[in-house]
Structures are given as structure tokens and as C-alpha cells.
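In the UniProt record's numbering, the protein residues as written are 1 to 275.
Note that the Cβ used here is the ideal one computed from N, Cα and C, for glycine as well.
Because the structure is a prediction, the values reported are computed rather than measured.
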Amino acid sequence: MQNQGLAQQLFLAQQVRQHEAKAAALAGVSMFTLMERAGHAVFSQCIEHVPNAQRYFILVGYGNNAGDGYIVASLAKQAGKEVVVLAADTGKCLSGDALTAQQRWQALGGEVESYTQGRLNNADIIIDGLLGTGINSQVRGPFLTMIEDANAQPSTIVAIDLPSGIDADTGLPLGIAIQADITVTFVGIKQGLVTGAGRSAAGKLVFNDLGIAEPFAKLANASATLINITSFKPLAARSRNSQKGNHGKLLCVGGNQGTSGAIRLSSEAALRTGA
Numbered sequence: 001m002q003n004q005g006l007a008q009q010l011f012l013a014q015q016v017r018q019h020e021a022k023a024a025a026l027a028g029v030s031m032f033t034l035m036e037r038a039g040h041a042v043f044s045q046c047i048e049h050v051p052n053a054q055r056y057f058i059l060v061g062y063g064n065n066a067g068d069g070y071i072v073a074s075l076a077k078q079a080g081k082e083v084v085v086l087a088a089d090t091g092k093c094l095s096g097d098a099l100t101a102q103q104r105w106q107a108l109g110g111e112v113e114s115y116t117q118g119r120l121n122n123a124d125i126i127i128d129g130l131l132g133t134g135i136n137s138q139v140r141g142p143f144l145t146m147i148e149d150a151n152a153q154p155s156t157i158v159a160i161d162l163p164s165g166i167d168a169d170t171g172l173p174l175g176i177a178i179q180a181d182i183t184v185t186f187v188g189i190k191q192g193l194v195t196g197a198g199r200s201a202a203g204k205l206v207f208n209d210l211g212i213a214e215p216f217a218k219l220a221n222a223s224a225t226l227i228n229i230t231s232f233k234p235l236a237a238r239s240r241n242s243q244k245g246n247h248g249k250l251l252c253v254g255g256n257q258g259t260s261g262a263i264r265l266s267s268e269a270a271l272r273t274g275a
């Protein structure tokens with residue numbers, strides 16, 4: 001599900017974290033319901049883009065992204081897929097909704113394995129549920145190894161909300177980042193998904209508002225707006241008797257000796273519009 005207004009707006013990670021719980025409450029749904037919807041959104045993309053994938057490898061960390069990953073694992077197992085969940089640290093206790101999602105996976109007979117190098121060699125599809133929007137330091141420890149190994153595989157990689165290792169606000173990699181084929185992001189599009197290295201790391205970007213678009217849009221202020229051809233009004237119809245003086249005048253100022261390329265391109269674009 002997608003709200004067209006939100007699909008054109010960008011948000012800082014803090015904006016999403018600050019307002020999604022209140023938006024969910026205003027929409028009359030729990031945060032765990034949002035987690036379930038997120039998992040369904042990711043699994044739907046897996047089925048749509050890699051319908052023949054049989055071996056699902058889910059990489060999980062400690063936070064809510066891990067919870068989303070466990071929901072995907074449960075859905076894939078129920079769909080008859082071969083599912084392996086690999087944790088950055090099996091000794092790390094989850095809490096809240098992420099723990100509930102993990103318990104659901106275990107109730108289905110699912111296991112949680114510690115990651116070992118080479119474990120991803122037989123994966124058809126890799127789900128990245130390692131790191132979320134809260135990371136602000138260099139990727140290290142088991143996360144570093146898991147990201148390196150995932151990127152080395154020919155398997156399709158689907159990132160949950162944000163490719164692990166990408167700064168959600170700047171798009172800069174924090175040392176290393178997942179290079180996803182598809183990223184399914186939720187509630188609001190994080191600015192870092194369309195800027196810097198984040199744009200490439202995200203692969204195909206899919207937005208899902210999780211059914212709380214209206215209250216979230218009222219609570220949060222966008223940090224920027226995406227611009228594409230549909231953002232511009234079409235050029236006005238021209239009279240058959242018009243001439244260049246009827247369609248605006250433009251003064252282009254810029255460039256320097258040896259660096260006139262940009263201003264020339266701007267001038268040519270203006271000429272093509274008839275100014």
C-alpha cells in the first residue's frame with residue numbers, strides 16, 4: 001500500500017522513529033501489527049521478483065529489523081520454503097515486538113543459528129534484517145563479516161527498510177553496506193535511500209506506508225521532496241502566432257574560464273523550452 005503524497009517526500013530517520021508509534025495509535029493498530037505488515041510487504045516482493053527462490057537465508061541483528069526478519073522467516077516457512085535464520089549473536093536477547101516475532105518463528109519449529117563464514121553459499125535469496133536506521137558508527141564485528149559475505153553472493157538480496165550499513169540520513173556507508181537488489185522501506189522514505197551511496201545500495205526502492213499514511217503525514221515534517229517529471233506542470237500550449245518573446249526571458253549567469261559546461265547546458269535547455 002502506498003500513499004502518493006508520502007511517496008514523493010523524504011524524512012530523516014528521527015522523524016520516522018519519533019512519529020510512527022503515535023501514527024499507529026491514531027490509526028488504531030499496534031506496533032506489532034506494523035511489524036507484521038512490514039514482513040508481509042517484504043515477503044510479497046520476494047515472491048514477485050524471485051518466485052522460484054526456494055532457499056531463504058534471513059540475516060538478523062538485535063532490533064526491530066530483526067523482528068521484521070523473523071516475520072519474513074515465518075511467512076516463508078509457512079509457504080513451504082527452506083528457511084535458515086542466521087543471527088549476528090545468538091546470545092543476544094531480543095525484547096518487545098522483535099522478541100514476539102522471534103517466538104512466533106520458534107513456535108513454527110524454526111531455529112536460530114550463529115553465523116559462520118560460507119553459510120550463505122547455497123542461498124537463493126538473502127533477507128537483510130541486520131541493522132536499522134539507528135546505526136551511527138562504523139559497522140564492525142559479526143555484522144561486518146555477514147555484510148561482506150552477503151555482498152559476495154550471486155543471490156538476490158532484499159533489504160528490510162534500509163540496507164544495513166547505510167546512514168539513513170546521508171546515504172553514506174558506515175565502512176561497509178549491504179548492496180541490495182531490492183529495498184522495501186516503511187512509513188516514510190528515508191533521505192539516505194536516495195542520496196549518496198544509499199541510492200545504489202538500495203537497488204530497486206519499494207515504499208510501503210503500512211496503512212498509517214494519513215496520521216503520519218499530519219505528524220511528521222518532510223526533510224525534502226523527490227522531484228521527477230510528474231512534479232512539473234506541462235508547458236503551456238503555444239499560440240500558432242507566437243514568437244520567442246511571448247514565452248519568457250531567462251538570464252543565465254555562471255561558469256568561469258574553462259568551466260562553462262554547466263551554464264551552456266542550462267542555456268540550451270532554456271532554448272528548448274522556447275524561452
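Which residue marks the beginning of the beta strand (DSSP E) containing residue i, and which one marks its end?
| i | result |
| --- | --- |
| Thr33 | Note, Thr33: premise wrong, no beta strand (DSSP E); alpha helix (DSSP H) at Met31 to His49. |
| Gly129 | Ile125 to Gly129 |
| Glu268 | Looking at the DSSP string, Glu268 is not in any beta strand (DSSP E); the run it does join, the alpha helix (DSSP H), is Gly261 to Thr273. |
If you measure between the beta carbons of residue i and residue j, is that distance less than 8 angstroms?
| i | j | result |
| --- | --- | --- |
| Ala66 | Val72 | no |
| Ala217 | Leu6 | yes |
| Lys77 | Leu108 | yes |
| Ile182 | Gly203 | yes |
| Asp128 | Pro154 | no |
| Ser223 | Leu10 | yes |
| Tyr70 | Ala21 | no |
| Lys81 | Tyr56 | yes |
| Gly196 | Thr225 | no |
| Ile58 | Val83 | yes |
| Leu75 | Phe32 | no |
Since residue i and residue j are thought to touch, with beta carbons under 8 angstroms apart, how far apart are those beta carbons, to the nearest angstrom?
| i | j | result |
| --- | --- | --- |
| Val139 | Gly175 | 5 angstroms |
| Leu120 | Ala150 | 6 angstroms |
| Gly210 | Thr185 | Reading the sequence as shown, one finds Leu at residue 210 and not Gly. Going by Cβ atoms, the distance from Leu210 to Thr185 rounds to 10 angstroms, so no, they are not a contact pair. |
| Asp124 | Gln45 | With a Cβ gap of about 14 angstroms, Asp124 and Gln45 do not count as contacting. |
| Gln179 | Ile212 | 30 angstroms between Cβ atoms; not a contact. |
| Ala177 | Thr133 | Going by Cβ atoms, the distance from Ala177 to Thr133 rounds to 13 angstroms, so no, they are not a contact pair. |
Taking all protein chains shown into account, do 16 or more other C-beta atoms lie within 10 angstroms of the C-beta of residue i, making it buried, or fewer, making it exposed?
| i | result |
| --- | --- |
| Met1 | Any reading at Met1 needs caution, since the residue's pLDDT is 48, under 50, leaving its predicted position unreliable; the model's value is listed next. Exposed. |
| Ala87 | buried |
| Gly165 | buried |
| Ser114 | exposed |
| Asn221 | exposed |
| Arg272 | exposed |
| Leu251 | exposed |
| Pro173 | buried |
| Gln257 | exposed |
So residue i is in the alpha helix (DSSP H); what residue range does that whole segment cover?
| i | result |
| --- | --- |
| Glu148 | Pro142 to Asn151 |
| Leu99 | Gly96 to Ala107 |
| residue 285 | Residue 285 is absent from the model: the chain starts at 1 and stops at 275. |
| Gln15 | Ala13 to Ala27 |
Of all the CB atoms in chain C, is at least one closer than 8 angstroms to the CB of residue i?
| i | result |
| --- | --- |
| Ser267 | The structure shown has no chain C; it contains just one protein chain. |
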